[in-house]
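For reference, the structure is listed below as structure tokens.
Number of protein chains: 2
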Amino acid sequence: MKKNEKRSVGISVAVDLLVFTVEQERLKVLLIERAEEPFAGMLALPGVAVRSDEALDDAAARGILEETGLEDIYFEQLYSFGKVDRDPRNRVVSVAYMALVPQKDLHFHAGQRTSAAELVDVGQLLDSDTGLAFDHKDIISLGRERLKGKVEYTTIAFHLVDEEFTLPQLQRVYEILLGKSLYKANFRKKVMPLIEETEHSTSGDAHRPSKLYRLAEV
Amino acid sequence: MKKNEKRSVGISVAVDLLVFTVEQERLKVLLIERAEEPFAGMLALPGVAVRSDEALDDAAARGILEETGLEDIYFEQLYSFGKVDRDPRNRVVSVAYMALVPQKDLHFHAGQRTSAAELVDVGQLLDSDTGLAFDHKDIISLGRERLKGKVEYTTIAFHLVDEEFTLPQLQRVYEILLGKSLYKANFRKKVMPLIEETEHSTSGDAHRPSKLYRLAEV
DNA sequence: CAAATAGTGTCTTTGAGACACTATCGT
DNA sequence: ACGATAGTGTCTCAAAGACACTATTTG
Numbered sequence: 001m002k003k004n005e006k007r008s009v010g011i012s013v014a015v016d017l018l019v020f021t022v023e024q025e026r027l028k029v030l031l032i033e034r035a036e037e038p039f040a041g042m043l044a045l046p047g048v049a050v051r052s053d054e055a056l057d058d059a060a061a062r063g064i065l066e067e068t069g070l071e072d073i074y075f076e077q078l079y080s081f082g083k084v085d086r087d088p089r090n091r092v093v094s095v096a097y098m099a100l101v102p103q104k105d106l107h108f109h110a111g112q113r114t115s116a117a118e119l120v121d122v123g124q125l126l127d128s129d130t131g132l133a134f135d136h137k138d139i140i141s142l143g144r145e146r147l148k149g150k151v152e153y154t155t156i157a158f159h160l161v162d163e164e165f166t167l168p169q170l171q172r173v174y175e176i177l178l179g180k181s182l183y184k185a186n187f188r189k190k191v192m193p194l195i196e197e198t199e200h201s202t203s204g205d206a207h208r209p210s211k212l213y214r215l216a217e218v
Numbered sequence: 219m220k221k222n223e224k225r226s227v228g229i230s231v232a233v234d235l236l237v238f239t240v241e242q243e244r245l246k247v248l249l250i251e252r253a254e255e256p257f258a259g260m261l262a263l264p265g266v267a268v269r270s271d272e273a274l275d276d277a278a279a280r281g282i283l284e285e286t287g288l289e290d291i292y293f294e295q296l297y298s299f300g301k302v303d304r305d306p307r308n309r310v311v312s313v314a315y316m317a318l319v320p321q322k323d324l325h326f327h328a329g330q331r332t333s334a335a336e337l338v339d340v341g342q343l344l345d346s347d348t349g350l351a352f353d354h355k356d357i358i359s360l361g362r363e364r365l366k367g368k369v370e371y372t373t374i375a376f377h378l379v380d381e382e383f384t385l386p387q388l389q390r391v392y393e394i395l396l397g398k399s400l401y402k403a404n405f406r407k408k409v410m411p412l413i414e415e416t417e418h419s420t421s422g423d424a425h426r427p428s429k430l431y432r433l434a435e436v
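From first to last, the protein sequence lines stand for chains E and H.
Residues 1 to 218 (my numbering) make up the first sequence, in order.
Residues 219 to 436 (my numbering) make up the second sequence, in order.
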């Protein structure tokens, strides 16, 4: 237990944050442009160092708050990344968290202490050979896969629409995450048991109004 | 970046190991009896401190080797645990890994450097109010859930039987993991596409011999 | 009333579940 | 021949997929 302690070059622990949203019919992730070396000028995931008096989940919540100004949004731990040289400066183990936020809630605060943040199209990013800082492209790729997988058997996609939503809106989100179009009637049958009607509807469009639903309790 | 550095009380990183096997018709996990404080005399998961020149996966493989003498067995990262006070001595973030090994391969080396290791029935352990060191009971519980979940849509259960196995053997493992009995004919139809026959069969039993299969490539 | 999108009824297809049967060993 | 376990054929039923239809708004 004692022979391998190297306090002077100990391991740092950080959380990296995948903040996903759906905007313009696309899955997007929040990235920042790095101001400092290493990887200065490149795009990276936002992240914070975990404080020694702070739980991992709390560090993630703090990072999300600092980056987006939002509290109480959905997030879950994704995976921990711990290759030796993933940070060229020193040894960092990063615990990645994935957060989902409806585009409407994501107000950009331009004059934020953090450098310029932007929403980047995940599909384009992963297809292109755009380089990202550190191993962040791998993290995004894994997050996208997890999200895609969980859409099928959980209600995770509901975190990407407003609290009250129409079924066509929700269906678009499903289609974007799954990367394929769905049959309207079947989609509705599938999600109907999970939701409940509100008294509201859309209006003003030149077609039949759409009822607003919310996720049912329990 | 500098104001929160507390090198003297930095965060330690460890991996905890869930070594699962099926023995005596039961899912079991490898536990050790702790020799030292804290929690001296209590059961705990084996684990190792992550070295600063060692990747997380490598630390897990090393821990498995040290604890079981086995290399090249299946394992995957489970989850990272990071509550502030999970270790009363100092701040430790633990990355839990789950390993699966056929009971036959698990030779106990009594004269091992590690303290007495034993296989403990997971169901009994989680039902009873037996206390485990640290938050290890939570880790086992999560591992059991993950295993149960993945059985249904992956071939993960194959790692708990020998390379060549009979379908009745495999079915027992599925039943133990899922906690319910399965219909033979349906089970066979489900796994048939995944496996290929060998030329071997069981023999010596007072009934029809059972063909041995292996997991099909690709 | 035409264009546009919301929402429904129902047939088809696929796979899970249930059950009854046949097959092959040792004694 | 009998007990015991391995292995198969087929019916049933429920969910997923496909398609055609009706409904309600604005201009």
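For each residue, glycine too, the CB sits at the ideal point set by N, CA and C.
Residues of chain E whose Cβ lies closer than 7 Å to the Cβ of Ile229 (chain H) are, in chain order, Val13, Val50, Ser52. Here the alpha carbons of Phe134 (chain E) and Arg244 (chain H) stand approximately 43 Å from one another. With distances taken between CA atoms, Ser128 (chain E) lies nearest to E:Ser141 out of E:Ala117, E:Arg214, E:Ser141.
Within its own chain, the residues whose Cβ lies closer than 7 Å to the Cβ of Phe158 (chain E), once the five positions on either side in sequence are excluded, are Leu215, listed in chain order.
For the pair of segments examined, the region 11-28 of chain E was found to touch the region 80-99 of chain E: the number of CB pairs separated by less than 8 Å reaches three.
The beta-carbon distance between Gly287 (chain H) and Pro264 (chain H), rounded to whole angstroms, is 12 Å. This is too long to meet the 8 Å contact definition. Using a Cβ-Cβ cut-off of 8 Å, Leu147 (chain E) does not count as an interface residue toward chain H, since no Cβ of chain H sits closer than that to its own. For Arg91 (chain E), the nearest beta carbon of chain H is closer than 8 Å to its own beta carbon.
Within chain H, the residues whose beta carbon sits less than 7 Å from that of Ser80 (chain E) are Leu274, Gln295, Ser298, Val313, listed in sequence order. Arg146 (chain E) is not bridged by DSSP to any residue.
For Glu414 (chain H), the three-state secondary structure derived from DSSP is strand.
Taken through DSSP and simplified to helix, strand or coil, Ala14 (chain E) comes out as strand.
Assignment of Arg252 (chain H) by DSSP, reduced to helix, strand and coil, places it in the coil class.
The C-beta of Ser312 (chain H) has 16 or more other C-beta atoms within 10 Å across all chains shown, which makes the residue buried. For Met42 (chain E), the closest of E:Leu160, E:Glu118, E:Tyr183, E:Ser12 by C-alpha to C-alpha distance is E:Glu118. Excluding its 5 nearest sequence neighbours in each direction, Glu217 (chain E) has no C-beta neighbour in its own chain below 6 Å.
A Cβ of chain E is located within less than 8 Å of the beta carbon of Lys301 (chain H). Along the length of the region 267-303 of chain H, whole alpha helix (DSSP H) runs at least 4 residues long occupy 274-286, reported in chain order. DSSP, read as helix, strand or coil, puts Lys398 (chain H) in coil.
With contacts defined by Cβ atoms closer than 8 Å, Val310 (chain H) and Ser230 (chain H) form a contacting pair. Under the three-state reduction of DSSP, Ser359 (chain H) is assigned to helix.
For His136 (chain E), the number of other beta carbons within 10 angstroms of its own is at least 16, and it is reported as buried. Residue ranges of uninterrupted beta strand (DSSP E) with 3 or more members, entirely inside the region 114-139 of chain E and ordered along the chain, are 117-121. Between Ser201 (chain E) and Leu212 (chain E) the beta-carbon gap is near 6 Å, inside 8 Å, which marks them as a contact.
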